[in-house]
């Protein structure tokens, strides 16, 4: 795991670097807030350790900017003993944790590892929430991809929108007008047969036999349904 240590006191920075490297971390060093922002863009660390008191822009401002541009980065503030206001300000700016000087390096590393575990768990939850699956198909809403088994199916934006509606509503019958409004919008003024045209294209891409569809079912007199007899 990659960690950025932003501390203007070289002795403290070196002390942290040695201890984190002994525990398997790749360490990036910054002596100012400006340098920390620049290195974050270049190196993409998993965690940033920010001293509150820095030359130039302070740790709070660095924290605020990092949280705005890198929402998934872990941020730990280094604060002076007894400065409770610093702790509150750091948390309000988006910090995940804080460590008070002087600190125990073992505790610091354990807290950093605990933060990384929380970040990884949250990432897994976010990723799971972006996935839809049904009948051997998997859709990733984040990357806008659809797979049938291990094979990626290339879809147009409208085809993807239709498939998303189907996978989120398995077994529900949609009329042509409903699909037209949901995918093309209520102000669409073209030919409504565009729904049927896209269904034919989708079937050609996803069905084993487009003339005998097993996934996109026609509901006579209504429209279409995904799966379920």
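Residue numbers (the UniProt record's numbering): 1 to 229. Heads up, the beta-carbon is just placed ideally off N, CA and C, and yes, glycines get one too. All figures in this text were calculated on a predicted structure; none of them were measured in a lab.
What residue does the alpha helix (DSSP H) around residue 196 start on, and which one ends it? 194 to 206
Leaving out the 5 sequence neighbours to the left and right, which residues in its chain are closer than 7 Å to residue 55 when beta-carbon positions are compared? 8 and 32
Reference residue 154, options 162, 193 and 145, closest by Cα: Ranking the options by Cα distance to residue 154, first place goes to 145.
Which term fits residue 97, buried or exposed, when burial requires 16 or more other beta carbons within 10 angstroms of its beta carbon? Buried is the call here.
What residue does the alpha helix (DSSP H) around residue 74 start on, and which one ends it? Where residue 74 is concerned, there is no enclosing alpha helix (DSSP H), although the beta strand (DSSP E) it sits in stretches over 74 to 79.
My output table needs one value for residue 243: the three-state DSSP class, helix, strand or coil. Residue 243 is absent from the model: the chain starts at 1 and stops at 229.
So, helix, strand or coil for residue 152, using DSSP? It is a strand residue.
Nearest to residue 158 by alpha carbon, out of 121, 201 and 142? 201
Alpha helix (DSSP H) containing residue 11: first to last residue? 10 to 22
For residue 63, list the residues DSSP reports as bridge partners. DSSP output for residue 63 lists no bridge partner at all.
Can you find the residues in the same chain that come closer than 7 Å, C-beta to C-beta, to residue 78, ignoring five residues on each side of it along the sequence? Residues 7, 49, 50, 51, 52, 99 and 101 of the same chain have their beta carbon placed closer than 7 Å to that of residue 78, with the five preceding and five following residues left out of the count.
Beta bridge counterpart(s) of residue 165 as assigned by DSSP: Answer is none; residue 165 lacks a bridge partner.
Determine the burial state of residue 22: buried for a count of at least 16 other Cβ atoms within 10 Å of its Cβ, exposed for fewer. exposed
In the DSSP output, what is residue 234 paired with across the bridge? The displayed coordinates of the chain run from 1 to 229. Any statement about residue 234 would go beyond what the structure contains.
Using a Cβ-Cβ cut-off of 6 Å (strictly less than) and excluding sequence neighbours within five positions of residue 217, which residues of its own chain qualify? 225
contact_flag[the stretch 134 to 148, the stretch 163 to 180] where n(CB pairs < 8 Å) is 3 or more: The stretch 134 to 148, when compared against the stretch 163 to 180, does touch it at the 8 Å Cβ threshold.
With distances taken from CA atoms, which of 108, 183, 176 and 71 is nearest residue 156? 183
How about residue 219 and residue 161: are their beta carbons less than 8 Å apart? no
Best match in 150, 186, 195 and 120 for proximity to residue 163 [C-alpha to C-alpha]: 195
Suppose the cutoff is 8 Å on Cβ atoms and the five residues either side in sequence are ignored; what does the same chain contact list for residue 178 look like? So the qualifying residues of the chain are 223.
Measure the C-alpha to C-alpha separation of residue 64 and residue 186 and round it to an integer number of angstroms. 40 Å
Could you spell out where the beta strand (DSSP E) holding residue 30 opens and where it closes? 26 to 30
Around the C-beta of residue 24, are 16 or more other C-beta atoms found within 10 angstroms, so that it is buried, or is it exposed? In summary, residue 24 is exposed, with fewer than 16 beta-carbon neighbours lying within 10 Å of its beta-carbon over all protein chains present.
Continuous alpha helix (DSSP H) stretch holding residue 36: start and end: 33 to 43
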